[in-house]
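Asker: In our numbering, the protein residues as written are 40 to 284.
Questions regarding the structure given below will be posed in turn.
Right, dumping it as structure tokens:
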């Protein structure tokens, strides 16, 4: 596949996989990242997948930009024409709908609150990338019927687990932070736990599904999490990437 390579200072190189934000593009990025993990390049420290890019950070005292670019071009050439099935996970996220902006999202789109919930839930959203705070998933594929602009006046504090909509994107705030997304629900699941063995629950390249729950179920799960008796349910999902090149 045709890639563009751009230097980021003297410790980074960005691979651009085109301009189209799509599941196919994201899966190609993930496959390239998997290839890096399976065949490490000496001097490469880490890599960060995003919507249409893969940014690779390296130690310039161990490998030069020119040498790294040549190795990445060779790696890309080896993947040309390859077909693959990528095994992804679907994280099942229980969600109590009824956030402070649910009524506004419904009114903005000429829908009832129940219709907004029905459209938003029980769909597999691709986790394109993580940011802007630890554990925040940027999810793709939200139906246009419920797309809603960000708030004109962002909130100074948003509760952890709040589910929001901004434009055609949806996501979850993993910790208390400011934010301008329209809030339509909340999950009791901890997406970020700095004291846990695995601080960040979700990974880019996988999927997430919101499942509606009652307030009672929300409280029960929250208590089970406190007791260490709750694990997020996952399902396997096969994703095919054809004709990489």
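C-beta atoms are modelled at their ideal positions from N, C-alpha and C, and glycine is treated no differently.
Alpha carbons only, please: which of 172, 195 and 210 is nearest the one belonging to residue 217?
Answerer: Along the chain shown, read from residue 1 onward, the residue named residue 217 stands at position 178. Nearest of 172, 195 and 210 to residue 217, Cα basis: 195.
Asker: Return yes when the Cβ of residue 184 is within less than 7 Å of the Cβ of residue 199, no when it is not.
Answerer: One-based indexing of the chain shown puts residue 199 at position 160. One-based indexing of the chain shown puts residue 184 at position 145. No. Outside cutoff.
Asker: Could you check if residue 140 is buried or exposed, using at least 16 other CB atoms within 10 Å of its CB as the buried criterion?
Answerer: Counting from one through the chain shown, the residue named residue 140 turns up at place 101. Under this definition residue 140 is a buried residue.
Asker: Could you name the residues that DSSP lists as bridge partners for residue 165?
Answerer: Along the chain shown, read from residue 1 onward, the residue named residue 165 stands at position 126. Per DSSP, 179 and 246.
Asker: Return the residue from the list 56, 152, 73 and 79 that minimises the CA-CA distance to residue 90.
Answerer: Reading the chain shown from its first residue, position 51 is the one you call residue 90. Out of 56, 152, 73 and 79, 56 has the C-alpha closest to the C-alpha of residue 90.
Asker: Please identify the residue among 127, 71, 212 and 175 whose C-alpha is closest to the C-alpha of residue 114.
Answerer: The residue labelled residue 114 in the question sits at position 75 within the chain shown. When only C-alpha atoms are compared, the closest one is 71.
Asker: By DSSP, does residue 145 sit in helix, in strand, or in coil?
Answerer: As a working mapping, residue 145 is identified with position 106 in the chain shown. Helix.
Asker: Report buried or exposed for residue 84, applying the criterion of at least 16 other Cβ atoms within 10 angstroms of its Cβ.
Answerer: Residue numbering aside, residue 84 sits at position 45 when the chain shown is read from its first letter. It counts as exposed.
Asker: Using DSSP's beta-bridge definition, name the partner residues of residue 156.
Answerer: One-based indexing of the chain shown puts residue 156 at position 117. Its beta-bridge partners do not exist; DSSP assigns none.
Asker: Can you tell me the Cα-Cα spacing of residue 47 and residue 97, whole angstroms?
Answerer: What you label residue 47 is simply residue 8 of the chain shown in a count that begins at 1. What you label residue 97 is simply residue 58 of the chain shown in a count that begins at 1. Taking the straight line from one Cα to the other gives about 10 Å.
Asker: Considering only C-alpha positions, which residue in the set 65, 64 and 95 is nearest to residue 76?
Answerer: For the purposes of this step, residue 76 is identified with residue 37 of the chain shown, where counting begins at 1. Of 65, 64 and 95, the residue nearest in Cα terms is 95.
Asker: Let me know the secondary structure DSSP gives residue 91 once reduced to three states.
Answerer: Looking up residue 91 in the chain shown gives position 52. It is coil, neither helix nor strand.
Asker: Do you know how far the Cα of residue 231 is from the Cα of residue 51?
Answerer: Along the chain shown, one-based indexing puts residue 51 at 12. Along the chain shown, one-based indexing puts residue 231 at 192. Each residue's alpha carbon lies about 27 Å from the other.
Asker: Is the region 141 to 158 close to the region 220 to 227, with three or more CB pairs under 8 Å?
Answerer: Flag = yes, the region 141 to 158 and the region 220 to 227 touch.
Asker: Let's test the definition: count the other Cβ atoms within 10 Å of the Cβ of residue 266 and tell me whether it reaches 16, buried, or not, exposed.
Answerer: Translated into positions along the chain shown, residue 266 becomes position 227. That one is exposed.
Asker: What residues are listed by DSSP as bridge partners for residue 85?
Answerer: What you label residue 85 is simply residue 46 of the chain shown in a count that begins at 1. Answer by DSSP bridge pairing, in chain order: 96.
Asker: Give me the DSSP bridge partner(s) of residue 43.
Answerer: Numbered from its first residue, the chain shown carries residue 43 at position 4. Residue 43 pairs with 55.
Asker: Could you give the residue range of the beta strand (DSSP E) that holds residue 207?
Answerer: Residue 207 sits at position 168 when you count from the first residue of the chain shown. Here residue 207 belongs to no beta strand (DSSP E), and DSSP marks it neither H nor E.
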